[in-house]
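Have a look at the structure below, then the notes.
Number of protein chains: 2
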Amino acid sequence: MSKTKQSPVERRLARLTDAVREAGIKLTHQRIEIFRELAGTEEHPDAETLFEAVRKRMPTVSLDTVYRTLSTLQELGLVKTIGQQGGGTRFDANIEPHHHYVCVSCGMIRDFESKELNSLRLPGTVRQLGTILDANVEVRGLCAKCQGRKKASTRPKSKSS
Amino acid sequence: MSKTKQSPVERRLARLTDAVREAGIKLTHQRIEIFRELAGTEEHPDAETLFEAVRKRMPTVSLDTVYRTLSTLQELGLVKTIGQQGGGTRFDANIEPHHHYVCVSCGMIRDFESKELNSLRLPGTVRQLGTILDANVEVRGLCAKCQGRKKASTRPKSKSS
DNA sequence: ATCTAGTTGCAAACACTTCTTAGTTAGGAA
DNA sequence: TTCCTAACTAAGAAGTGTTTGCAACTAGAT
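Going down the list, the sequences are from chains A and B. Just remember that the numbering used here sits 1259 ahead of the position in the first sequence, which is counted from 1. Just remember that the numbering used here sits 1259 ahead of the position in the second sequence, which is counted from 1.
Rendered as structure tokens:
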């Protein structure tokens, strides 16, 4: 229910307020500050970096809370992680250009080829960031096997409890 | 060991032999077996999985050798990792569809937008793997800042003493 | 067969993340 | 405002995934 024009950060903070209320959890200073910090940067920080930044304004905040809050924000769908989480680094002996399909449920990764995707037209803004070595596409979805499993377990779609 | 036609695995193993020789390092059983295992699977295993697999044939191999070998193979350019390695999980408060530019040197990540890339045409083979939730492009390169740094440090050694 | 630098196996260290316990603070409903 | 309790801090410990130090070993050259 935003009424006036807000900065991107304020808009995101408003979304936090809504989401927290809807989830029936508390809107604590820690949650606000941690999210504000993340929403206000383009640097995709890790937990430690975020902790140090928030600490400047809230000297008593603990690293543990940063981790817990990020986890909560993820459940609320307000925050995403970059790259895969959980499990270790995965290796690939295929050094030809190719793309990946990743199952969001079981983590399965499969290669696929596409000449078209090998030569994507990238927007000019990218070139301003630096040189381009390669570009690959990561498709995420639910693999055939996991679709079967989901169906079998007859689990109605529910939000995280 | 005398076969006329080579399987893809054998072809890759031949590349290993060459690369190892060229780099002036030793072609140990461990390196052969670890690489053979990785080159022979499409599953993009992690170090632990690879370790367990190699162990069946080489019961004395150790997990740290797997790690060290994978690192060596990476330096030789025979193996790649999927996703970012090193550092912790990185977070993103931008939940709109977007793409990433990643600097291979400093790890900097920047978002970029592209309507065109938001609606990529994916090959039909992908659909056979499972449902498609989203697809995003990851561009890797050397960011402007690191280009400057590289230039400065790669400068032909002028007489400085 | 001998030599030796590069490699390995083992254990221990390390980095990141999560969890435990216990005592305190503070959000927000009544 | 009062009260209930979720959420917090603190300090520690544990769980993963990865790296390192060191003595023993071995690939490959002589």
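Note that CB positions come from ideal geometry on N, CA and C, so glycine has one too.
Taken in chain order, the unbroken stretches of beta strand (DSSP E) that lie wholly in the region 1351-1391 of chain A and span 3 residues or more are 1358-1362 and 1368-1371.
Per DSSP, A1312 of chain A has no beta-bridge partner at all.
In this structure, L1286 of chain B and V1279 of chain B form a Cβ contact; the two beta carbons are roughly 5 Å apart against a cut-off of 8 Å.
Judged by pairs of C-beta atoms under 8 Å, the region 1396-1406 of chain A touches the region 1379-1390 of chain B, as three or more such pairs exist. Close partners of V1279 of chain A in chain B (Cβ separation under 8 Å) are lacking, with about 15 Å as the shortest Cβ gap.
The Cβ atoms of Q1289 of chain A and V1338 of chain A do not sit closer than 7 Å to each other.
Between I1341 of chain A and H1359 of chain B a beta carbon distance of about 7 Å is seen, short of the 8 Å cut, so the two are scored as contacting.
Among the residues facing chain B, S1378 of chain A is not included, as its CB has no counterpart in that chain under 7 Å away. At a Cβ-Cβ threshold of 7 Å, G1347 of chain A and A1298 of chain B do not count as neighbours. With respect to the 7 Å criterion, S1373 of chain B and P1382 of chain A are classified as neighbours on the basis of their beta carbons. Of the other Cβ atoms in all chains shown, fewer than 16 fall within 10 Å of the Cβ of I1284 of chain A; this residue is therefore exposed. Scanning A:L1376, A:R1349 and A:E1375 for the CA closest to the CA of I1368 of chain A turns up A:R1349.
About 5 Å separates the beta carbon of F1371 of chain A from that of T1384 of chain B, a gap short enough to meet the 8 Å contact definition.
Taking a C-beta distance under 7 Å as the contact criterion, E1296 of chain B and V1268 of chain B do not qualify as a contact pair. Residue environment analysis places L1376 of chain A among the buried positions, since at least 16 neighbouring C-beta atoms fall within 10 angstroms of its C-beta. DSSP, read as helix, strand or coil, puts I1284 of chain B in coil. B:Q1344 is the residue among B:N1353, B:T1276, B:A1352 and B:Q1344 whose C-alpha sits nearest the C-alpha of S1364 of chain B. Look at V1268 of chain B here: in three-state DSSP terms it is helix.
Less than 7 Å divides the Cβ of E1397 of chain A from the Cβ of N1395 of chain B. In terms of Cβ geometry, D1393 of chain B and R1327 of chain A do not form a close pair [threshold 7 Å].
With a threshold of 7 Å between beta carbons, Q1265 of chain B makes no contact with chain A. Within the same chain, A1278 come within 8 Å of G1336 of chain B by CB-CB distance, once the 5 residues on both sides are set aside. Chain A has a Cβ within less than 7 Å of the Cβ of F1371 of chain B. Contact residues of the region 1325-1343 of chain A toward chain B are L1329, L1332, Q1333, G1336, L1337, V1338, K1339, T1340, I1341, G1342 and Q1343 (C-beta to C-beta distance below 9 Å).
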